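Report on one structure; see the data block that follows.
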Amino acid sequence: MKLLISGTTDGRGLAMPLGSEVQALLHFLEQETGLSFDVQAYPWQRALRMASQGEGLLFGASLTAQRQQTLSFSEPLYRESAWLVTRCDRTFDYQHLSQLEGKTLGAVRGTVNGPDFDAAVRAGRFRLDNETGDSRARFEKLLLGRTEALLVYSRWSAPEVERALQARYGMLGAREPEAMRRHPFCVLPRPVFSDDVHIATAIGHHTEVLQRINRALVQGRASGRLAQVMRDAAKSRLLP
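With numbering that gives the first Met the number 0, the residue at position 180 of the sequence shown is 179, and numbering never jumps.
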């Protein structure tokens, strides 16, 4: 079964492997449903479009009213947050959207940041610099001052995301002033938005597959097995 995901690249521009928790979740679903997933990575907007056209399942989609017009959604997989990443020498306090006034934020085109955020963008309170996917280029722009913060999506806590970004992109700070070389990127402690993510498929496509996935998620959550699988995987993450 084709499973579409948003591709991520490392500091050298190479495709990153799936995180250990995502791998464990997919393995759990394969065991419980009898499915075999053919994971294919694309820029997020392309993956979303392909799923909407019935070309496979989409992994990690937030549920919105607009998407419900074309997609059916599984039970929640886990909760994910949109974190703000800054240069460590240019951090700022963030408690509410008004503090982003006038800033340029790096985002991945087609991602969801909540209705209040979207309304602020439409009102011109801050500007989005959209990329097709999550890549090294976004972090280079941040270091060059072309954006003032990036939106990064993860189920991890802010310190965990910061450690992961340091492992993945820390070498980009090599040409920065000495204070920035070892730790160029900081994650602000309050997320912009948090939401459940799902597996989605075009309405009328792969209906029986989605039903099998839903049964596995409901039963796994009720028995505690799914939570245990995710806890065990968190201990052996591919990134710190």
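Note that the Cβ used here is the ideal one computed from N, Cα and C, for glycine as well.
It should be emphasised that the depicted structure is a prediction, and the values quoted were computed from it without experimental measurement.
Nearest to E147 by C-alpha distance, out of D92, S153 and R108, is D92. Taking 8 Å as the upper bound for CB-CB distance, S19 and A163 are not in contact here, some 12 Å apart. In the structure shown, Y168 adopts helical secondary structure according to DSSP, grouped into three states.
In terms of Cα proximity to V160, the closest of W82, Q22, L34 and M179 is W82. Taking W155 as reference, the option from D115, R189 and T103 with the minimal CA-CA separation is R189. Contact between the segment 185-200 and the segment 112-120 is established, with three or more Cβ pairs separated by less than 8 Å. Along the segment 83-160, the alpha helix (DSSP H) occurs as fully enclosed runs of 4 or more residues at 114-121 and 135-143, listed in sequence order.
Distances from the CA of L34 to each of D117, A221, E100 and N213 were compared; the closest alpha carbon is that of N213. Nearest C-alpha to V186 among L209, F138 and V228: F138. The Cβ-Cβ distance between W43 and R108 falls below 8 Å.
Across the structure, A173 and K140 are spaced so that their CA atoms are roughly 15 Å apart. Secondary structure note for Q227: its alpha helix (DSSP H) is the uninterrupted segment R224 to A233. When DSSP states are grouped into helix, strand and coil, E54 belongs to the coil group.
Here E79 is bridged, per DSSP, to D194. Here T206 carries a helix assignment [DSSP, helix/strand/coil]. Scanning V120, L70, G6 and D37 for the CA closest to the CA of R48 turns up L70. According to the DSSP assignment, L24 belongs to the alpha helix (DSSP H) that extends over S19 to T32. The three-state reading of DSSP puts G219 in helix, counting H, G and I together.
G53 places its beta carbon 8 Å or farther from that of L3. At the C-beta level, L150 and A106 come within 8 Å of one another. For A178, the uninterrupted alpha helix (DSSP H) segment begins and ends at E177 to R180. For the set A119, S73, M229 and P158, the Cα lying nearest the Cα of I198 is the one of S73. The straight-line gap separating the alpha-carbon atoms of S61 and S222 is approximately 25 Å.
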